[in-house]
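All remarks here apply to the structure that follows.
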Amino acid sequence: MVEKTVLSFLCLLGWVLILPIQAQIQYPEPQGWVSDFANVLTPQVREELNNLITEVEKRTTAEIAVVTVESTAPLTPKQYATELLNRWKVGKKGKDNGVLILLAVKDRRIEIETGYGVEGILPDGKVGEIIRTYMVPYFKNNRWGEGLITGTQQIARVILEDTQTSPTSSKKVERWLPTGGFLYLIGWIYFIFWIFYLVIQNLRNRALPLGILALLTLPGLFYLFFAFFPFIIPFIPGAWASIQNLRNRCPRCGNRMLVQKNTLRPASYASMGLREVVYTCPVCGYHEVKMETTPRLTRTSYYGSYGGGSFGRFGGSGRSSGGSFGGFGGGSSGGGGAGSSF
Amino acid sequence: MLRRPYTFYKKTFWLLLLTLSVSGCGYNTLVELDQRVNSAWAQVENQLQRRSDLIPNLVNIVKGYAGHEKEIFQNIANARAAMMNAKSIPEKIDASNQMETSLRQLLAVVENYPQLKADATFARLMDEVAGTENRIAVERMRYNQAVEAYNSYARKIPVIYTVKIFGFDKEKPYFKAAEGAQTAPQINFNR
Chain F
619 MVEKTVLSFL CLLGWVLILP IQAQIQYPEP QGWVSDFANV LTPQVREELN
669 NLITEVEKRT TAEIAVVTVE STAPLTPKQY ATELLNRWKV GKKGKDNGVL
719 ILLAVKDRRI EIETGYGVEG ILPDGKVGEI IRTYMVPYFK NNRWGEGLIT
769 GTQQIARVIL EDTQTSPTSS KKVERWLPTG GFLYLIGWIY FIFWIFYLVI
819 QNLRNRALPL GILALLTLPG LFYLFFAFFP FIIPFIPGAW ASIQNLRNRC
869 PRCGNRMLVQ KNTLRPASYA SMGLREVVYT CPVCGYHEVK METTPRLTRT
919 SYYGSYGGGS FGRFGGSGRS SGGSFGGFGG GSSGGGGAGS SF
Chain E
638 MLRRPYTFYK KTFWLLLLTL SVSGCGYNTL VELDQRVNSA WAQVENQLQR
688 RSDLIPNLVN IVKGYAGHEK EIFQNIANAR AAMMNAKSIP EKIDASNQME
738 TSLRQLLAVV ENYPQLKADA TFARLMDEVA GTENRIAVER MRYNQAVEAY
788 NSYARKIPVI YTVKIFGFDK EKPYFKAAEG AQTAPQINFN R
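Heads up: the protein sequence lines correspond to chains F and E, in order. Going by the numbering used here, the first residue of the first sequence is number 619, and it counts up by one from there. Going by the numbering used here, the first residue of the second sequence is number 638, and it counts up by one from there.
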């Protein structure tokens, strides 16, 4: 009980601590390939960048996002770029071939974040060189559009050159084999039907033939050999129930007997108890009485059980917007890329 | 009409209770979370390895310009040896933080050598080092998130018994960053 109280307190504390942090940082939604949140780009520049990136995407499937913001505070520009790429899922799912170019105007910093899939062709050193040679000289004079265009052109050139030489299609083969979850489901469905059947038979007060019991319990044993612990669990109660069904049969006619237990002397913490068990066959009237001892009471504590929490799966979300931009594809990055102040 | 025996209902009750308690023990989720921590740590190790591979190059180029800063090179060599000898996760975390500290010392010294900063190879190498530090930071964060999910789940009431019975780790170690390691090391090339 103390544990539970402490736990719930900690949970509460966790929420109190986490909520304000999450609420502080607002991540914008992408406006397209180019998201000019700082309003420093002219329509011509945006158009040119859009065409360039669309071309790259069409030919290589790689995605480039160009973002301008005023400031990334309280995060560093690098953290913001990483977070944005992963949130927007720039790049194709499974290929992670996204690049995010972030210009923080007031922070006076340019960051290029590379997805996992393009780290190989765009190593940090190369990205840094592109930034220093093609972007920073323009940015020093506040010529944002020119800097972004030349920089993006260089990134695009590297990506295009690579695609011409290397094979692109590395499609993941989707297998449809029974997985753990599927086996689990089969096990449960089987278990529920089996229990249901046994219960109905019990309600009708009818003992099942041994053959049927064996036949239906055997698959549970079979699972035991190739499925792991969770998968055999459904069959343990099933087997137990069938054993119960086999027990207490009338020796005269074979039907299940009614069992009535009468306590003669209740068990205490000091001594064993005694009870009589009366078996009665409802069909032929067979009657039998057995004496049984009941074990001494022991002091135990019992914790109630409840279902464990479930964790949602991560998944991409589709987005759509006008023009040639059809939403980013589901890429991710691990903080690759380079940046420079100017 | 037959009178249904009382024991039948009692049995059904225990049966249902058993079923519920088994499905509520959280074994599957524990396995999943455990695996997530492991794979997150593997990513961290990838990046630590990448840093270890980069550092000799960096040391060599700095030695060319600042060969007399013997103490710093010694620190880096020690940190690298510690990194290689580290076996368990906490040891590796310690070694990584030691490495980070000595790397910072090296980069502080670099500021005093303008010719070194003008070297194009050094600039590229610095991008790689900074990028690696960023990657470590990202993977460290993801690892810590996985650890947090695991630790908080493994301490809940029914799960804590599953952990004990099946011998799961009671708690996974967090990767606490070294002092002042919130941002990647930067060299100001403009000065």
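Glycine is no exception: its CB is placed at the ideal position from the N, C-alpha and C atoms.
Burial state of F/R727 (16 or more Cβ within 10 Å): Translated into the one-based positions of the first sequence, residue 727 of chain F becomes position 109. Under this definition F/R727 is a buried residue.
Span of the alpha helix (DSSP H), counted from its first residue to its last, around F/S689: To locate residue 689 of chain F, count along the first sequence from 1; it is residue 71. First-last for F/S689: undefined, no H or E at that position.
Contact under 7 Å by Cβ, F/D742 with F/A956: Here the question's residue 742 of chain F lines up with position 124 in the first sequence. Here the question's residue 956 of chain F lines up with position 338 in the first sequence. In this structure, F/D742 places its C-beta atom within 7 Å of the C-beta atom of F/A956.
Straight-line Cα distance separating F/V723 from F/I767: Translated into the one-based positions of the first sequence, residue 767 of chain F becomes position 149. Translated into the one-based positions of the first sequence, residue 723 of chain F becomes position 105. The straight-line gap from Cα to Cα measures roughly 16 Å.
Buried versus exposed, by CB contacts within 10 Å (16 or more), E/K809: The sequence position of residue 809 of chain E within the second sequence is 172, counting from 1. Buried, because 16 or more other Cβ atoms sit within 10 Å of the Cβ of E/K809.
The region 866-873 of chain F touching the region 904-914 of chain F, judged by at least three CB pairs closer than 8 Å: The region 866-873 of chain F and the region 904-914 of chain F touch, with no fewer than 3 CB-CB distances between them shorter than 8 Å.
Inter-residue spacing [alpha-carbon to alpha-carbon] between F/A683 and F/L670: In the first sequence, residue 683 of chain F corresponds to position 65, counting from 1. In the first sequence, residue 670 of chain F corresponds to position 52, counting from 1. It is roughly 11 Å from the alpha-carbon of F/A683 to the alpha-carbon of F/L670.
F/P855 at chain E interface by Cβ criterion, 7 Å: Residue 855 of chain F sits at position 237 when you count from the first residue of the first sequence. By this cut-off, F/P855 is an interface position.
Interface residues of chain F facing E/D806 [CB-CB closer than 9 Å]: Against the second sequence, residue 806 of chain E aligns to sequence position 169. Under a criterion of Cβ atoms nearer than 9 Å, no residue of chain F is adjacent to E/D806; the nearest Cβ is some 17 Å distant.
Cβ contact check for the region 881-889 of chain F and the region 858-867 of chain F: 3 or more pairs under 8 Å: Short answer: they don't touch.
Extent of the continuous beta strand (DSSP E) to which F/V1043 belongs: Because chain F here runs from 619 to 960, residue 1043 of chain F falls outside it and cannot be looked at.
Closer than 7 Å to chain F by CB, E/N697: For this step, residue 697 of chain E is matched to residue 60 along the second sequence. Between E/N697 and chain F, the shortest Cβ-Cβ separation is not below 7 Å.
Contacting residues, own chain, Cβ-Cβ under 6 Å from E/V784 (five flanking each side not counted): As a working mapping, residue 784 of chain E is identified with position 147 in the second sequence. The residues V674, K809, Y811, in chain order, have a CB closer than 6 Å to that of E/V784 in the same chain once the five nearest residues on each side in sequence are set aside.
Nearest to E/D756 (by Cα), restricted to the options F/G738, F/E747, F/V736, F/E731: By 1-based counting over the second sequence, the position of residue 756 of chain E is 119. Closest by C-alpha distance to E/D756, out of F/G738, F/E747, F/V736, F/E731, is F/E747.
Proximity test, F/G945 beta-carbon vs the ligand FAD heavy atom, cut-off 6 Å: As for the ligand FAD, it is missing from this structure, which has no ligand bound.
Distance CB(F/G769)-CB(F/G949) smaller than 7 Å: On the first sequence, position 151 is the one that residue 769 of chain F refers to. On the first sequence, position 331 is the one that residue 949 of chain F refers to. Cβ atoms of F/G769 and F/G949: not closer than 7 Å.
Contact with chain F by E/E737, beta-carbon distance below 7 Å: For the purposes of this step, residue 737 of chain E is taken as the residue at position 100 of the second sequence. Cβ-Cβ to chain F under 7 Å: no for E/E737.
Contact set for F/L915: own chain, Cβ-Cβ below 7 Å, skip 5 residues either direction: Stepping through the first sequence from its first residue, residue 915 of chain F is reached at position 297. Cβ contact annotation for F/L915 (same chain, cutoff 7 Å, sequence separation greater than five): A885, S886, Y887, in chain order.
Neighbour-count burial assignment, F/P785, 16 or more Cβ in a 10 Å radius: Counting from one through the first sequence, the residue named residue 785 of chain F turns up at place 167. In this prediction, F/P785 scores a pLDDT of 44, lower than 50, which makes its location untrustworthy; the coordinate-derived value is nonetheless stated afterwards. Flag for F/P785 reads exposed.
DSSP three-state assignment for F/V708, whether helix, strand or coil: Taking the first sequence and counting its residues from 1, the one referred to as residue 708 of chain F is at position 90. Coil at F/V708, not helix or strand.
Reduced DSSP secondary structure (H/G/I, E/B, other) of F/A699: Taking the first sequence and counting its residues from 1, one reaches residue 699 of chain F at position 81. F/A699: helix per DSSP, three-state reduction.
Own chain, CB closer than 7 Å to E/Q735, minus 5 neighbours either side, in chain order: Walking along the second sequence from the start, residue 735 of chain E turns up at place 98. Excluding positions up to five away in sequence, the list reads A716, A719.
C-beta neighbour in chain E for F/K724, strict 7 Å: The residue labelled residue 724 of chain F in the question sits at position 106 within the first sequence. Look at F/K724: its C-beta is not under 7 Å from any C-beta on chain E.
Contact under 7 Å by Cβ, F/V685 with F/L720: The residue given as residue 685 of chain F occupies position 67 in the first sequence. The residue given as residue 720 of chain F occupies position 102 in the first sequence. Going by C-beta atoms, F/V685 is nearer than 7 Å to F/L720.
Under 7 Å by beta carbon: chain F residues contacting E/E776: Counting from one through the second sequence, the residue named residue 776 of chain E turns up at place 139. What E/E776 touches in chain F: G952.
Check whether E/A786 and E/L670 have beta carbons under 7 Å apart: Counted from its first residue, the second sequence places residue 786 of chain E at position 149. Counted from its first residue, the second sequence places residue 670 of chain E at position 33. The criterion of a C-beta distance shorter than 7 Å is satisfied by E/A786 and E/L670.
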